[in-house]
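Under my numbering, the residue at position 143 of the sequence shown is numbered 224, and the numbers go up by one with no gaps.
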Amino acid sequence: MSQFETSAIRTQAEQSQYREHSVPLYLSSSYTFESAEQMRALFADEAEGNIYSRYSNPNTTELIDKLCCMEEAEAGWATASGMAAVFTSLAALLSAGDHVVACRSVFGSTHQLFTKILPKWGIQHTYVDINADDEVWIEAITPETKLIFAETPSNPGVEIIDLERLGKLAKAHELLLLIDNCFATPYIQKPIRYGADLVIHSATKYMDGQGRVLGGLIAGKKELIASVEAFARHSGPAMSPFHAWLLSKSLETLAIRMDRHSENATKLANFLEANEAVESVRYPFLKSHPQYKIAKKQMKLGGGVVSFVIHGGLERGRRFIDALQLASITANLGDNRTIVTHPASTTHASLSEAERLEAGIQAGLIRISAGLETYEDIENDIKQALIASR
Ligand SMILES: *Cc1c(COP(=O)(O)O)cnc(C)c1O
Numbered sequence: 082m083s084q085f086e087t088s089a090i091r092t093q094a095e096q097s098q099y100r101e102h103s104v105p106l107y108l109s110s111s112y113t114f115e116s117a118e119q120m121r122a123l124f125a126d127e128a129e130g131n132i133y134s135r136y137s138n139p140n141t142t143e144l145i146d147k148l149c150c151m152e153e154a155e156a157g158w159a160t161a162s163g164m165a166a167v168f169t170s171l172a173a174l175l176s177a178g179d180h181v182v183a184c185r186s187v188f189g190s191t192h193q194l195f196t197k198i199l200p201k202w203g204i205q206h207t208y209v210d211i212n213a214d215d216e217v218w219i220e221a222i223t224p225e226t227k228l229i230f231a232e233t234p235s236n237p238g239v240e241i242i243d244l245e246r247l248g249k250l251a252k253a254h255e256l257l258l259l260i261d262n263c264f265a266t267p268y269i270q271k272p273i274r275y276g277a278d279l280v281i282h283s284a285t286k287y288m289d290g291q292g293r294v295l296g297g298l299i300a301g302k303k304e305l306i307a308s309v310e311a312f313a314r315h316s317g318p319a320m321s322p323f324h325a326w327l328l329s330k331s332l333e334t335l336a337i338r339m340d341r342h343s344e345n346a347t348k349l350a351n352f353l354e355a356n357e358a359v360e361s362v363r364y365p366f367l368k369s370h371p372q373y374k375i376a377k378k379q380m381k382l383g384g385g386v387v388s389f390v391i392h393g394g395l396e397r398g399r400r401f402i403d404a405l406q407l408a409s410i411t412a413n414l415g416d417n418r419t420i421v422t423h424p425a426s427t428t429h430a431s432l433s434e435a436e437r438l439e440a441g442i443q444a445g446l447i448r449i450s451a452g453l454e455t456y457e458d459i460e461n462d463i464k465q466a467l468i469a470s471r
């Protein structure tokens with residue numbers, strides 16, 4: 082198998098009769114057959130090929146092939162958004178009466194799936210704290226437990242869980258392990274190496290990297306992806322060929338972008354840690370991170386997201402955001418452009434203070450997705466906003 086960057090660039094759909102160098106966009110909802118017999122064989126799964134773009138398309142197939150190289154996975158599937166990837170994975174693998182053990186620090190919409198949507202079909206969950214030891218995880222497992230779900234690093238708290246430990250736990254209890262690998266990307270972290278059965282991505286974030294499209298990806302064991310496919314073919318969360326075409330081109334530069342995102346985020350984390358307006362900083366590769374050793378073990382780099390707690394709580398957090406001049410205030414991350422959010426006054430404003438703290442979100446928590454602008458410009462903007470918010 083090729084090295085990471087090479088397969089990201091050289092995994093391509095077959096060339097057409099026009100001998101193009103860059104893979105074209107196949108905007109076609111369906112594909113034709115030479116005969117009734119060929120159509121029958123494709124529908125009967127006796128032959129490979131495209132039938133209908135809800136099932137497959139040359140652009141989504143290329144993207145999935147690339148993802149499999151990057152994640153070292155046997156098979157994959159593409160969906161319209163990251164949440165479609167999370168929901169499709171869970172819906173494909175779980176039945177009424179099943180139970181999930183999930184890490185409490187999960188993405189907001191994933192939390193809504195566990196607490197509001199899956200219970201409609203009799204699927205229950207138990208949350209475990211990201212820092213809990215094995216006994217707590219084992220205690221949460223019931224005879225109905227089918228899978229473990231976790232996200233690392235977590236959004237927005239940048240907390241980390243030991244993938245090797247989770248992999249062993251899942252294996253010992255014959256459970257499936259699903260990991261949301263959105264923050265790290267396969268360039269930085271490969272959960273399958275630690276025993277993850279499915280790896281899930283919001284391709285909207287670093288995979289696109291430029292804040293243009295929504296997309297979701299699932300990679301993992303062949304037989305599990307077959308279940309995902311059986312569910313998705315008929316329920317329809319398909320990725321558009323245009324988004325697949327765009328995302329596949331974006332992945333050509335994932336490695337080089339993640340290097341720079343991580344470099345800028347590391348510098349920013351060090352700058353923040355030395356600033357008197359800052360109470361604490363969370364970044365995987367800072368020695369002060371409570372799971373620094375685990376981060377070093379399972380991550381190649383620290384990634385692009387830094388979170389910090391500003392002195393002065395909620396109101397100062399709001400003033401800090403309002404004082405920014407370069408960084409964008411927007412509900413995305415993993416973009417070329419630096420993005421700053423204040424969860425307590427925005428995404429998590431509806432939670433009580435106690436609920437927020439349980440989710441690891443202090444009133445003064447600020448999440449920065451370090452972009453690819455000149456580092457000095459990013460730092461200067463954060464510096465002046467810290468002063469202006471006093
Ligand atoms: C954004 C995000 C998702 C959801 O992805 P969408 O593409 O917005 O649907 C899931 N998990 C994590 C960790 C995310 O950051």
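Each residue gets a CB set at the ideal place from its N, CA and C atoms; glycine is no exception.
Proximity below 8 Å, CB of residue i to CB of residue j
{"i": "T285", "j": "S162", "result": "yes"}
{"i": "L258", "j": "L228", "result": "yes"}
{"i": "G238", "j": "I442", "result": "yes"}
{"i": "H342", "j": "L453", "result": "yes"}
{"i": "E232", "j": "D261", "result": "yes"}
{"i": "A408", "j": "D462", "result": "yes"}
{"i": "T169", "j": "A336", "result": "no"}
{"i": "Q379", "j": "L244", "result": "yes"}
{"i": "S134", "j": "S97", "result": "no"}
{"i": "Y99", "j": "P139", "result": "no"}
{"i": "I242", "j": "I269", "result": "no"}
{"i": "G203", "j": "A177", "result": "yes"}
{"i": "G130", "j": "I145", "result": "no"}
{"i": "L328", "j": "V294", "result": "yes"}
{"i": "E357", "j": "G445", "result": "no"}
{"i": "G276", "j": "K252", "result": "yes"}
{"i": "S83", "j": "R91", "result": "yes"}
{"i": "D278", "j": "E225", "result": "no"}
Any non-hydrogen atom of ligand 1 within 7 Å of residue i CB
{"i": "T285", "result": "yes"}
{"i": "S162", "result": "yes"}
{"i": "T191", "result": "yes"}
{"i": "D261", "result": "yes"}
{"i": "F401", "result": "no"}
{"i": "G290", "result": "no"}
{"i": "I232", "result": "In the sequence on display, residue 232 carries Glu and not Ile. Yes - ligand 1 has a heavy atom lying nearer than 7 Å to the Cβ of E232."}
{"i": "S295", "result": "Contrary to the premise, residue 295 reads as Leu rather than Ser in this sequence. L295 Cβ: within cutoff of ligand 1."}
{"i": "F195", "result": "no"}
{"i": "N236", "result": "yes"}
{"i": "F366", "result": "no"}
{"i": "V167", "result": "yes"}
{"i": "F85", "result": "no"}
{"i": "F389", "result": "no"}
{"i": "F124", "result": "no"}
{"i": "F264", "result": "yes"}
{"i": "F323", "result": "no"}
{"i": "F312", "result": "no"}
{"i": "F352", "result": "no"}
{"i": "F188", "result": "yes"}
Sequence-distant residues of its chain with Cβ nearer than 8 Å to residue i (five each side left out)
{"i": "V209", "result": "V182, A183, C184, R185, V217, W218, A221"}
{"i": "I22", "result": "This structure cannot settle anything about residue 22, because the visible part of the chain is limited to 82 through 471."}
{"i": "A117", "result": "none"}
Cβ-Cβ separation, residue j to residue i (assumed contact under 8 Å), whole Å
{"i": "L298", "j": "H315", "result": "About 20 Å separates the two Cβ atoms, so there is no contact after all."}
{"i": "A346", "j": "G292", "result": "Going by Cβ atoms, the distance from A346 to G292 rounds to 17 Å, so no, they are not a contact pair."}
{"i": "A94", "j": "E143", "result": "4 Å"}
{"i": "A466", "j": "A425", "result": "About 17 Å separates the two Cβ atoms, so there is no contact after all."}
{"i": "E366", "j": "G394", "result": "Inspection of the sequence shows that residue 366 is occupied by Phe rather than by Glu. Actually they do not touch by this definition, with Cβ atoms about 27 Å apart."}
{"i": "M320", "j": "A89", "result": "Not quite, the Cβ-Cβ distance comes to about 18 Å (not below 8 Å), so this is no contact."}
{"i": "Y364", "j": "A350", "result": "4 Å"}
{"i": "R338", "j": "G296", "result": "No, R338 and G296 are not in contact; Cβ-Cβ is about 16 Å, not under 8 Å."}
Own chain residues within Cβ distance below 6 Å of residue i, not counting five before or after
{"i": "H206", "result": "V181, A183, F195"}
{"i": "Y287", "result": "T266, G415"}
{"i": "F352", "result": "E460"}
{"i": "V167", "result": "T191, I281"}
Identity of the residues DSSP links to residue i by a beta bridge
{"i": "A300", "result": "G157, V280"}
{"i": "Q205", "result": "H180"}
{"i": "V390", "result": "S361, L446"}
{"i": "I409", "result": "Here residue 409 is Ser; the residue named in the question, Ile, does not match the sequence. Looking at the DSSP assignment, S409 forms a beta bridge with I420."}
{"i": "F401", "result": "The partner list for F401 (beta bridge, DSSP) is empty, contrary to what the question assumes."}
{"i": "F230", "result": "A183, L259"}
{"i": "S343", "result": "Paired residue(s): none; S343 is not in a bridge."}
{"i": "Y133", "result": "S111"}
Beta-carbon proximity list for residue i, same chain, < 7 Å, skipping 5 on both sides
{"i": "R437", "result": "A425, H429"}
{"i": "F401", "result": "I391, I447, A466, L467, S470"}
{"i": "F85", "result": "M151, Y268, A336"}
{"i": "F323", "result": "L106, L108"}
{"i": "M120", "result": "F114"}
{"i": "R397", "result": "I391, G445, S470"}
{"i": "D458", "result": "L407"}
{"i": "H254", "result": "I222"}
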